[in-house]
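Engineer: Sequential numbering of the sequence shown, starting at 11, is according to my numbering.
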Amino acid sequence: MKKIVSLLLIAALLISLLPAAMADTVLDPNEKRKIKLKKVTLNEVEEGISPTTGLPLEDLEVVEGFAGLAVTGRYMPMLVQIDNTDGGIGHRAPWGASYADIIYETPLYKSGNTRLSFLFSDLIPDSVGPVRSARMGHAWLREEWDAGFLYYGQQEYDKANVKKELRELGVEEKGLAFSGTVGSGKKWKKYYTRRKGVAAPHNVDANVAAMYELIDADFVPRNHTFLFTDELPEGELADEIRINTGHDAYSSALIYDLDSNLYFRYMGVDDKLTAYEDKDTKEHIGFSNVIIQFAEVDWVRTDAPITYHVGKKYYNNKGKKSVGGNADFFMGGVRVEGYWQRESMEDRTVFYTADGKELELQRGKTLIVVVDSELWTVSYKAY
11 MKKIVSLLLI AALLISLLPA AMADTVLDPN EKRKIKLKKV TLNEVEEGIS
61 PTTGLPLEDL EVVEGFAGLA VTGRYMPMLV QIDNTDGGIG HRAPWGASYA
111 DIIYETPLYK SGNTRLSFLF SDLIPDSVGP VRSARMGHAW LREEWDAGFL
161 YYGQQEYDKA NVKKELRELG VEEKGLAFSG TVGSGKKWKK YYTRRKGVAA
211 PHNVDANVAA MYELIDADFV PRNHTFLFTD ELPEGELADE IRINTGHDAY
261 SSALIYDLDS NLYFRYMGVD DKLTAYEDKD TKEHIGFSNV IIQFAEVDWV
311 RTDAPITYHV GKKYYNNKGK KSVGGNADFF MGGVRVEGYW QRESMEDRTV
361 FYTADGKELE LQRGKTLIVV VDSELWTVSY KAY
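(1) Could you check whether the segment 364-373 touches the segment 236-244, counting it as contact only if at least three pairs of C-beta atoms, one from each stretch, sit closer than 8 Å?
(2) Which same chain residues end up closer than 6 Å to Asn53 when comparing Cβ atoms and leaving out the 5 residues on each side of it in sequence?
(3) Using 10 angstroms around the beta-carbon of Ala107, count the other beta-carbons present and answer buried if the total reaches 16, otherwise exposed.
(4) What is the C-beta distance between Thr284 and Ile92, in whole angstroms, given that I count them as a contact (C-beta under 8 Å)?
(5) Using 10 angstroms around the beta-carbon of Tyr116, count the other beta-carbons present and answer buried if the total reaches 16, otherwise exposed.
(6) Can you name the residues that DSSP bridges to Leu237?
(7) Nearest by alpha-carbon distance to Leu176: which of Leu186, Pro39 and Glu74 is it?
(8) Can you tell me whether Asn336 is buried or exposed? The criterion is at least 16 other CB atoms within 10 Å of its CB, across all chains shown.
(9) I'd like to know if the segment 358-370 and the segment 336-346 are in contact, where contact means that at least 3 CB-CB pairs between them fall below 8 Å.
(10) Counting C-beta neighbours from all protein chains within 10 Å, is the total for Glu183 16 or more, i.e. buried, or is it exposed?
(11) Verify whether the separation of the beta carbon atoms of Gly75 and Asp136 is less than 8 Å.
(12) Going straight from the alpha carbon of Thr191 to that of Ala144, what length do you get?
(13) Across which residues does DSSP place Gly335 in a beta bridge pair?
(14) Applying the 10 Å Cβ sphere with the 16-neighbour rule, what's the burial state of Asn217?
(15) Does Ala31 come out as helix, strand or coil in the three-state DSSP assignment?
(16) If you follow the alpha helix (DSSP H) that Leu176 is part of, which residue opens it and which one closes it?
(17) With DSSP as the reference, please indicate the residues paired to Trp309 in a beta bridge.
(18) So Leu224 and Trp198 are in contact, right, with Cβ under 8 Å, and what is the actual spacing, rounded?
(19) List in chain order: all unbroken alpha helix (DSSP H) runs of 4+ residues lying wholly within the segment 133-192.
(20) When the Cα atoms are used, what is the spatial distance from Asn171 to Gln165?
(21) Taking 6 Å as the limit between beta carbons, can you name the residues of its chain near Arg152, skipping five residues before and five after?
(22) DSSP on Gly296, reduced to helix/strand/coil?
(23) May I have the straight-line CA-CA distance separating Val208 from Asp96, to the nearest angstrom?
(24) Can you name, in chain order, every residue of its own chain whose Cβ lies under 7 Å from the Cβ of Phe188, other than the five neighbours on each side?
(25) With a threshold of 8 Å, are at least 3 pairs of Cβ atoms found where one atom belongs to the segment 47-67 and the other to the segment 125-136?
(26) Using three-state DSSP, classify Asn326 as helix, strand or coil.
(27) The alpha helix (DSSP H) spanning Ala219 covers which residue range?
(28) Whole angstroms are fine: how far does the CA of Gly343 sit from the CA of Asp267?
(29) Quick one: give me the first and last residue of the beta strand (DSSP E) that Val380 is part of.
(30) Would you grab the beta carbon distance between Tyr162 and Val310 for me? Rounded to a whole angstrom, and I think it's under 8 Å.
(31) Whose CA, out of Met355, Ser383, Arg205 and Lys282, lies closest to the CA of Ala103?
(32) Enumerate in chain order the residues of its own chain whose CB-to-CB distance from Val418 is below 8 Å, with the five nearest sequence positions on each side excluded.
(33) Just how far apart, CA to CA, sit Lys328 and Gly321?
(34) Taking only heavy atoms of the ligand ADP into account, decide whether any of them is closer than 7 Å to the Cβ of Lys120.
(35) Nearest to Asn2 by CA position, among Glu41, Asp308 and Arg252, is which residue?
(36) From which residue to which residue does the alpha helix (DSSP H) around Thr82 run?
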């Protein structure tokens, strides 16, 4: 009897310790990290290597009808606003996601709805969707890439007028604004179509490759080359990341797979997770890098976020031009602590590790989640 009691006590002790080992670690967006940032310059473009994924361009499988750096040899990134209604799963799944070098997720509604932006560079598809509308932060995101910008509608509120913002930033003058709600007189209008079998407004398809070809061949976008490494990072084990936006349908999990060295994206909460897939290729979308970028968000209306990718000087002529905040990087199954900073509207966002040096990414796709530091919660754990 004493032996049985002892075994039960040991078992109870182990069970009591288990939750501590499995407990979620919640990231603190306001943690004082005291990282001394070292001066960085633009990174050199390595011949034959993608500046956005770090992959050898010759290894990419080129699809007929596609454009992009691996096809034409011209670097001209294209940023597309993508629908994420109900989490973008099932009949709401996107198409073209398999070819995006970088996917951004940003606040859309104060209730927790989000919008995605797909950045294409290496391979630019001839069919991407569903294309949806733009917010102010998306216009500012486009600016750091100097990318072609595809969107189907935009907000035009007094304090969140995307149409006015794009005009003042000179995007239309450069021939980089591809609004899908223009008249038939615009030469790119014919490259927006409606996908059959998908209900409006979730059915707008864009031939991004064709619009890429419309951009003046003499135009050279800003250098936005990342640093890459073939070495796995060191950090705290992180097998699963949870992003809670405050809305169950838009909350997500990223689960690490050792064999592929990727974090695969799932939508939903608790045990009701659904794989985030490309509607056409059926590929479960995974990422070599997941970047959590905490940012301040003001709300003009419940559907009009002012997400500060750049300093407030650009919005209300007050404060600084530069802006930054805590950032956390998940790569190779570990979490790396860091910081992000963007000096001005014309500058790229630079991600720094705890030693103050620019982050070196794993080669492959990257997910950048711009987190509302006040309303969202991000956590991670090791199994």
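Using N, Cα and C, we set each Cβ at its ideal position, and we do this for glycine too.
Since this is a predicted model, take the numbers as computed values, not measurements.
Structural biologist: Looking at the coordinates:
(1) yes
(2) Thr235 and Leu237
(3) buried
(4) About 17 Å separates the two Cβ atoms, so there is no contact after all.
(5) Per the sequence presented here, residue 116 reads as Thr, with Tyr not at that position. It counts as buried.
(6) Residue pairing of Leu237 in beta bridges, as defined by DSSP: Glu370.
(7) For Leu176, the nearest C-alpha among the options comes from Leu186.
(8) buried
(9) yes
(10) exposed
(11) yes
(12) 12 Å
(13) Trp350
(14) buried
(15) With a pLDDT of only 47 at Ala31, under the threshold of 50, the placement of this residue in the model should not be trusted, and no figure is reported.
(16) Val172 to Glu178
(17) Pro315
(18) 6 Å
(19) 146-155 and 172-178
(20) 6 Å
(21) A distance below 6 Å between beta-carbons, with the five flanking residues on each side excluded, links Arg152 to the following residues of its chain, in chain order: Leu89 and Phe159.
(22) strand
(23) 14 Å
(24) Gly158, Phe159, Leu160, Trp198 and Met221
(25) Touching, per the Cβ criterion.
(26) helix
(27) Val218 to Leu224
(28) 8 Å
(29) Thr376 to Asp382
(30) The pair is not a contact, with the Cβ atoms about 21 Å apart (cut-off 8 Å).
(31) Arg205
(32) Only positions 11 to 393 of the chain appear in this structure, which leaves residue 418 out of reach.
(33) Using only the alpha carbons, I get a separation of about 9 Å.
(34) This structure lacks the ligand ADP, and indeed carries no ligand of any kind.
(35) Residue 2 lies beyond the residue range present for the chain, which begins at 11 and ends at 393; the question has no answer from this structure.
(36) Leu79 to Thr82
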